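Residue numbering for the sequence shown follows UniProt numbering, starting at 1 and increasing by one per position.
Beta carbons are placed, not taken as given, at the ideal position from N, Cα and C, and that holds for glycine.
Bear in mind that the values here come from a model prediction, so they are computed numbers and not experimental data.
Below: the structure, in structure tokens.
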Amino acid sequence: MNKRRWIALAIVVLVVAAALVLQLVRGGEGSVASVPEKWKAKTVSGSRTNQVLQLYVEGVISEESSWNSTFDYQALLSQLNQAKEDSNVKAIVIRINSPGGAVVPTDELHRKLKQVKSETKKPIVISMGSYAASGGYYLATAGDKVYANPSTLTGSLGVIASYMNYGELAKEYGIKENVIKSGKFKDMGNPMREMTQDEHTLLQGVINESYQQFVDVIAEGRKMPREKVLQLADGRIYTGKQAKANGLIDELGTLEDATEAAKKLAKLQEATVVRYEEPFGFSRMFSSFSTKLSGILNQQPIPDFLREEKRTPSIEYIYRP
């Protein structure tokens, strides 16, 4: 091995060591990377004081950051809070490329968008990318105006919860589970056995409640009669063109079109288009690296049904074919 390779190897070892040390120092913070106190505004175009901010929602919406996720819940909340307080930001464009995700973070982000609008009067325009389905559409209803590409996949308006039954597979591994519980519904959704009819009825009630909430959000955000929302919200997907015909979006267009619309809503003749990026810092770099490294190291070769996260039920606003 030549000298350059030794130097490269030494650098890799130092980075890994620093990341592991940082992970230990952070202790109880878990695997979620730290969020910068202030985001840096990177200019996309223009040179004016007034700004139109482009923010991005990409990937599955979840409160938890993971090594293979493109979505960062805490980072997006931080960006919205900064945009809310920044007097230079006059309008916000949200670019959505998401199939949706968990019910709670989706609803909380929707509430945050509405809060920013109501407290600052800054217009929010939505730009849908390749897909903005289910929870992605849920977020879009907070926009003053919604744009999509004609081929965008949206819709999937509804709620889903999947409960796998690993009972037969467990037998192949020679695994049996003994459950001691305080009530007959305590292990409802246990993947090691069949779901009972009573359990199914209870869970359907939970799904129905979240569905009614989704319907209410669409009716309010799109100013659409509830009866029409119920007709559209049967879980099917729509193209951008179909969504416009059904009143689910306002216009067909690009991110640039949505940005121009935001300028007009903010009554700006000219503005600088900006995006937030993280200021460079070793702490953030090592924190992010340690999150990914931790996730990779935790991928143990054991059956899925033995993993705790695979057993935890999840109710989601998500497009899942």
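Start-to-end residues for the alpha helix (DSSP H) that takes in residue i
| i | result |
| --- | --- |
| Val206 | 197 to 221 |
| Glu172 | 167 to 172 |
| Glu260 | 255 to 265 |
| Ala245 | 240 to 245 |
| Lys145 | Where Lys145 is concerned, there is no enclosing alpha helix (DSSP H), although the beta strand (DSSP E) it sits in stretches over 145 to 148. |
| Glu227 | 226 to 232 |
Pair within 7 Å by beta-carbon distance, residue i and residue j
| i | j | result |
| --- | --- | --- |
| residue 325 | Ser62 | Outside the displayed range of the chain (1 to 321) lies residue 325, so it cannot be described from this structure. |
| Leu109 | Tyr131 | no |
| Ala261 | Arg48 | no |
| Glu251 | Tyr147 | yes |
| Val274 | Ala41 | yes |
| Asn149 | Gly240 | yes |
| Ala133 | Tyr319 | yes |
| Tyr317 | Gly205 | no |
| Thr120 | Lys145 | no |
| Tyr73 | Gly158 | no |
| Tyr276 | Gln79 | yes |
| Gly155 | Arg236 | yes |
| Ala219 | Val229 | yes |
| Asn97 | Gly129 | yes |
| Arg95 | Leu255 | yes |
| Gly167 | Arg193 | yes |
| Val103 | Ile315 | yes |
The beta strand (DSSP E) enclosing residue i, as first and last residue numbers
| i | result |
| --- | --- |
| Gln51 | 51 to 58 |
| Asn178 | It is not in any beta strand (DSSP E) - Asn178 carries neither H nor E in the DSSP assignment. |
| Ala132 | 124 to 133 |
| Val159 | Premise fails: Val159 is in no beta strand (DSSP E) and is neither H nor E. |
| Arg275 | 272 to 277 |
| Lys40 | 40 to 45 |
| Ile249 | Here Ile249 belongs to no beta strand (DSSP E), and DSSP marks it neither H nor E. |
| Trp61 | In the sequence as displayed, the identity of residue 61 is Ile instead of Trp. Note, Ile61: premise wrong, no beta strand (DSSP E); not H, not E. |
| Glu316 | 315 to 318 |
Buried or exposed by the 16-neighbour rule on C-beta atoms within 10 Å, applied to residue i
| i | result |
| --- | --- |
| Ser179 | The residue asked about is misnamed: residue 179 is Val in this sequence, not Ser. By the 10 Å Cβ count, Val179 comes out exposed. |
| Lys223 | exposed |
| Ile11 | exposed |
| Phe71 | buried |
| Gly174 | exposed |
| Asp198 | exposed |
| Gln23 | Residue confidence is low: Gln23 scores 48 on pLDDT, short of 50, so the model does not pin down where it sits. Its coordinate-derived value is still stated next. Buried. |
| Leu55 | buried |
| Gln51 | buried |
| Phe282 | A caution first: Phe282 carries a pLDDT of 48, below 50, which makes its placement in the model too unreliable to give a value. |
| Gly183 | exposed |
| Leu53 | buried |
| Ala266 | buried |
| Lys263 | buried |
| Ile105 | It is Pro, not Ile, that sits at residue 105 in the sequence shown. Label assigned to Pro105: buried. |
| residue 380 | Residue 380 lies beyond the range of the chain shown here (1 to 321); nothing can be said about it. |
| Pro321 | exposed |
| Thr196 | exposed |
| Asn43 | As written in the sequence, residue 43 is Thr, which differs from the Asn given in the question. Flag for Thr43 reads exposed. |
| Thr259 | buried |
| Asp234 | exposed |
| Leu202 | exposed |
| Glu29 | Note that Glu29 scores 42 on pLDDT, short of 50, meaning its location in the model is unreliable; the coordinates nonetheless yield the value given after this. Glu29 is exposed by the Cβ-count criterion. |
Proximity test, residue i beta-carbon vs the ligand MG heavy atom, cut-off 6 Å
| i | result |
| --- | --- |
| Lys267 | Of the ligands one can find in the structure shown there are none, so the ligand MG has no counterpart to examine. |
Cβ contact check for the segment 158 to 175 and the segment 186 to 201: 3 or more pairs under 8 Å: Output reads yes: the segment 186 to 201 touches the segment 158 to 175.
Meets three-Cβ-pair contact criterion under 8 Å: the segment 118 to 125 and the segment 80 to 92: Judged by pairs of C-beta atoms under 8 Å, the segment 118 to 125 touches the segment 80 to 92, as three or more such pairs exist.
Contained beta strand (DSSP E) runs [length at least 3] in the segment 70 to 110, N- to C-terminal order: The qualifying runs are 89 to 98, 100 to 102.
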